[in-house]
Amino acid sequence: MAYFAWRARSADGAMREGSREAAAESDVVRFLVRSRMVPVEIRETAKESDAMEVLAALFQPRTIPLRDLVLFCRQMYALTKSGVPMNRAIKGLRTSASNRLLGRVLGEIEADLDAGLQLSDGMAKHPLVFPPLMISVVRVGEETGGLEESFLRLQGYLTFEEETIRKVKTALRYPMIVIFTTIAVMVAMLWFVVPAFANVFNKAGAELPLPTRIILGLSDFVAGNIFTLGLCAGLLYIIWKAWSTSSLGQRRWDQFKLSVPVSGEIVQMAAMARFGRALSISYAAGVPVLQALKTVAEALNNVFLYDKVMNMRQRIEEGLPLS
C-alpha cells in the first residue's frame with residue numbers, strides 16, 4: 000500500500016486537499032469521484048508518522064487469533080448467502096472489526112476489490128493473517144460460484160482447529176508444570192537447603208559417603224556460580240533459538256517434538272487430525288488433490304511432516320494413488 004496526497008475541486012467549486020493510503024493512484028481517483036470531487040493533483044508521498052505510531056507498528060501483532068478468523072468466516076457466510084455485494088460486505092466487516100489488525104487488512108482488501116481484484120487475491124497479500132488453506136478454498140469458491148459454502152466449511156474447519164489447539168495445550172500443560180516445578184525445586188534445594196545441611200555435616204566431622212559429597216559439591220558450585228549459570232542458560236537459549244529457526248535445525252526440532260515419549264504422541268495425533276480435517280475440507284471444496292496436499296502440508300506447521308506430505312505429493316504426481 001502506498002500513500003498519496005491529493006488536491007481536488009468539490010461540487011461547490013472549493014479547492015480541497017487531503018491524503019489517502021491506497022494500492023494505486025486509480026483507487027484514489029475512484030475515491031474522489033465517489034465523493035463528488037474532481038481530481039486536480041495526485042502524487043505519491045511518504046506517510047507521516049509520529050513516535051507513537053512507530054511504536055504501535057513495532058508492537059502490533061502480525062497474526063490474529065483463530066476466534067477472530069472463525070467470526071470473520073461466519074459473518075462472510077451470512078453476508079454472501081444474503082446476496083450482499085462483496086465490497087459492501089468487506090466494508091461493513093472492516094468498520095465493525097474489534098481486532099485492529101484485521102480491520103486494517105480488510106481496509107486494504109476493500110481497496111483491492113475497488114481496483115478490480117478478487118477477494119482471494121486480496122487475501123493472498125496477507126499470508127500471515129489468512130492461512131494458505133483458507134485462500135485456496137475461497138479461490139475455488141469464487142471460481143465455482145459457491146463462495147458461501149466455502150466460508151461455511153472454513154468456519155467449521157477453523158472451529159475444529161481452535162478446539163484442537165486448546166485440547167493439545169490442556170494435555171501438555173500438566174507435564175510442563177511438573178517439569179518446570181521439578182527444576183525449580185532442585186535449584187532451590189541446591190541453593191538454599193543443601194548448604195544448611197553442609198554446615199551441620201562439617202561440624203560433625205564425620206566422613207560422608209560419595210553420593211552425599213557429590214551433592215554438596217554440586218550445591219557449592221550452583222551457589223557460587225548462580226549468575227554465571229544464568230548467563231550461560233540465556234546464551235544457550237539464544238543459540239538454540241538461532242539453530243531451531245534454521246532450515247536444518249527446524250526440521251530436526253520438529254522431528255524431535257514428535258519423538259518425545261509422552262508429549263510427542265499428543266503432538267503427532269493433533270497433526271494427524273489437522274491433516275485429515277484440512278484434506279477433507281479441501282477435497283469437499285473442489286481443490287485439486289496436488290494443490291490440496293501442498294496447502295495441507297503448510298497447515299501442519301511442522302517442517303518434518305511438511306517434507307513427508309510433499310513426498311506423498313510427488314509420488315501421486317508420478318501416478319501412485321493417494322493411499
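Once you know that position 58 of the sequence shown is 57 in numbering that gives the first Met the number 0, the rest is easy, because the numbers rise by one and skip nothing. Backbone N, C-alpha and C fix where the C-beta goes; we use that ideal spot for every residue, glycine too.
Buried or exposed by the 16-neighbour rule on C-beta atoms within 10 Å, applied to residue 191 | Counting from one through the sequence shown, the residue named residue 191 turns up at place 192. Under the 10 Å beta carbon count, residue 191 is surrounded by fewer than 16 other beta carbons and is classified as exposed.
Decide if residue 271 is buried, meaning its Cβ has at least 16 other Cβ atoms within 10 Å, or exposed.
-> Your numbering for residue 271 matches position 272 in the sequence shown. Label assigned to residue 271: exposed.
For residue 360, the residue or residues it bridges with in DSSP = Any property of residue 360 remains undetermined from this structure, which presents the chain solely from 0 to 322.
C-alpha gap between residue 73 and residue 65, whole angstroms | Numbered from its first residue, the sequence shown carries residue 73 at position 74. Numbered from its first residue, the sequence shown carries residue 65 at position 66. Cα-Cα distance, rounded: 12 Å.
Closer than 8 Å, CB to CB, is residue 92 near chain B or not?
-> Of the chains in the structure shown, none is chain B; there is only one protein chain.
What residues in its chain sit with their C-beta under 6 Å from that of residue 140, if we drop five residues either side in the sequence?
-> Locating residue 140 in the sequence shown gives position 141, counting from the first residue. Here the set comprises 146 and 149.
Do you know how far the Cα of residue 80 is from the Cα of residue 243?
-> Position 244 of the sequence shown, counted from the start, is the residue given in the question as residue 243. Position 81 of the sequence shown, counted from the start, is the residue given in the question as residue 80. Their backbone Cα atoms lie some 45 Å apart in a straight line.
Cβ atoms of residue 83 and residue 104: under 8 Å apart, would you say?
-> Residue 104 sits at position 105 when you count from the first residue of the sequence shown. Residue 83 sits at position 84 when you count from the first residue of the sequence shown. No, these two residues do not count as a Cβ contact at 8 Å.
Using DSSP with H/G/I as helix, E/B as strand and the rest coil, what is residue 138?
-> As a first step, residue 138 is located in the sequence shown; it is residue number 139 there, counting from the start. Secondary structure of residue 138 (DSSP, three-state): helix.
In whole angstroms, what is the alpha-carbon distance linking residue 219 and residue 194?
-> Residue mapping note: residue 219 aligns to position 220 of the sequence shown, counting from 1. Residue mapping note: residue 194 aligns to position 195 of the sequence shown, counting from 1. Residue 219 and residue 194: Cα-Cα distance of roughly 7 Å.
Quick one: using the 10 Å Cβ neighbour count with 16 as the cut-off for buried, is residue 179 buried or exposed?
-> By one-based count along the sequence shown, residue 179 stands at place 180. Classification for residue 179: exposed.
Neighbour-count burial assignment, residue 324, 16 or more Cβ in a 10 Å radius = The structure shown does not extend to residue 324, since the chain is modelled only from 0 through 322, so no value can be given for it.
Nearest to residue 189 by alpha carbon, out of 266, 117, 224 and 112?
-> On the sequence shown, residue 189 is found 190 positions in, with the first residue counted as 1. Here the closest residue by C-alpha is 224.
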